[in-house]
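J.: Protein chains in written order, with the working numbering: chain A, 1 to 113; chain B, 1001 to 1115.
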């Protein structure tokens, strides 16, 4: 069945470092991917998204890379700050024409000052 | 815009009681989603609406859960009777899909504890 999984459950970095959070997806039909950030006690917050006709998209300090060949998605955070500490989820939409997202299990990012 | 609004933020109830969770989507959004988040299962989609009509409720235990959207600015998720295994954080999200994005915007969640 469809699933979205993460390689690393916890990532610890130093403030100022670049962070890379990885995600593997299993459904080659997925045409939309999205990254969310969830801080403790809050709902998931949109970070960045990408459609399958792109392989890279940049936002403010964040970049999402999509490799459809190996079904891999990554989130790069430049100059990581303590405020970036949170759980990050990737999600995919494998259902063409429907608005259903399949979420990964999440990666916890810990940023040390 | 105030974002997605959910109430209550916290709910503690006893097994067997009825629980009603409420959601107000972002104005103009025509999709509304109810999710449940637990440590074991992660984020699970329970049900979603498009223009107030249920599009998919395959993730919702229909023997005890029911979801309604009587108008474009209000939805409820009801659990009757509640059970301890229903303890979780319930999120509501809304979206206005377009050519470039299917982003769903989440509310702050309702933490439900069933004793």
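The beta carbon of each residue, even a glycine, is placed where N, CA and C say it ideally should be.
Remember, it's a predicted structure, so these values are computed and weren't measured experimentally.
1. Using a beta-carbon distance below 8 angstroms, is residue 1056 of chain B in contact with chain A?
2. Can you tell me whether residue 30 of chain A is buried or exposed, with buried defined as 16 or more other CB within 10 angstroms of its CB?
3. Please confirm if residue 93 of chain A has its CB atom under 8 angstroms from at least one CB of chain B.
4. So, for residue 1066 of chain B: in the same chain, excluding its five sequence neighbours on each side, which residues have a beta-carbon less than 7 angstroms away from its beta-carbon?
5. Cutting at 6 angstroms between CB atoms, please list the residues of its own chain near residue 1 of chain A, excluding the five before and the five after it.
6. With a threshold of 8 angstroms between beta-carbons, can residue 88 of chain A be considered close to chain B, or not?
7. By DSSP's criteria, residue 109 of chain A is part of a beta bridge. Which residues make up the other side?
8. Indicate whether the contact test is met: 3 or more Cβ pairs, each with one atom in the stretch 81–98 of chain A and one in the stretch 106–113 of chain A, closer than 8 angstroms.
9. Since residue 1044 of chain B sits in a beta bridge, which residues does DSSP pair it with?
10. CA-CA distance, residue 18 of chain A and residue 1063 of chain B?
11. Excluding sequence positions up to five away, which residues of its chain have a Cβ less than 7 angstroms from the Cβ of residue 25 of chain A?
12. Only counting the same chain, and skipping five residues up and downstream in sequence, which positions put a Cβ closer than 8 angstroms to that of residue 15 of chain A?
13. Helix, strand or coil for residue 2 of chain A per DSSP?
14. Quick one: list the residues of chain B neighbouring residue 114 of chain A, beta-carbon separation under 9 angstroms, in chain order.
15. Alpha carbon to alpha carbon, how far is residue 28 of chain A from residue 1031 of chain B?
16. If residue 1081 of chain B and residue 1016 of chain B are in contact, beta carbons under 8 angstroms, what's the gap, nearest whole angstrom?
17. For a contact defined as C-beta to C-beta under 7 angstroms, what are the partners of residue 44 of chain A on chain B?
18. Tell me whether the beta-carbon of residue 1013 of chain B lies closer than 8 angstroms to the beta-carbon of residue 1114 of chain B.
19. Kindly provide the ranges of any beta strand (DSSP E) runs that are 3 or more residues long and lie completely inside the stretch 1052–1099 of chain B, ordered along the chain.
20. Could you compute how far the alpha carbon of residue 60 of chain A sits from the alpha carbon of residue 1033 of chain B?
21. So what does DSSP say about residue 27 of chain A, is it helix, strand or coil?
T.: So, from the listed chains and residues:
1. The Cβ of residue 1056 of chain B sits closer than 8 angstroms to at least one Cβ of chain A.
2. buried
3. yes
4. 1078
5. Because residue 1 of chain A sits at a pLDDT of 34, beneath the cut-off of 50, its placement in the model cannot be relied upon, and the following sentence gives the value as read from the coordinates. The answer is none, since no qualifying residue turns up.
6. no
7. In the DSSP assignment, the residues bridged to residue 109 of chain A are A:11 and A:86.
8. Touching, per the Cβ criterion.
9. B:1036
10. Near 48 angstroms, if we compare the C-alpha coordinates of residue 1063 of chain B and residue 18 of chain A.
11. 4, 71, 73 and 92
12. 80, 81, 82, 111, 112 and 113
13. Legend: pLDDT at residue 2 of chain A = 38, less than 50; position of this residue unreliable, value from coordinates given subsequently. Coil.
14. It is not possible to answer for residue 114 of chain A, since the shown part of chain A is limited to 1 through 113.
15. 25 angstroms
16. 4 angstroms
17. 1106
18. Yes, Cβ-Cβ distance for residue 1013 of chain B and residue 1114 of chain B is below 8 angstroms.
19. 1053–1056, 1065–1071, 1074–1079 and 1088–1095
20. 27 angstroms
21. coil
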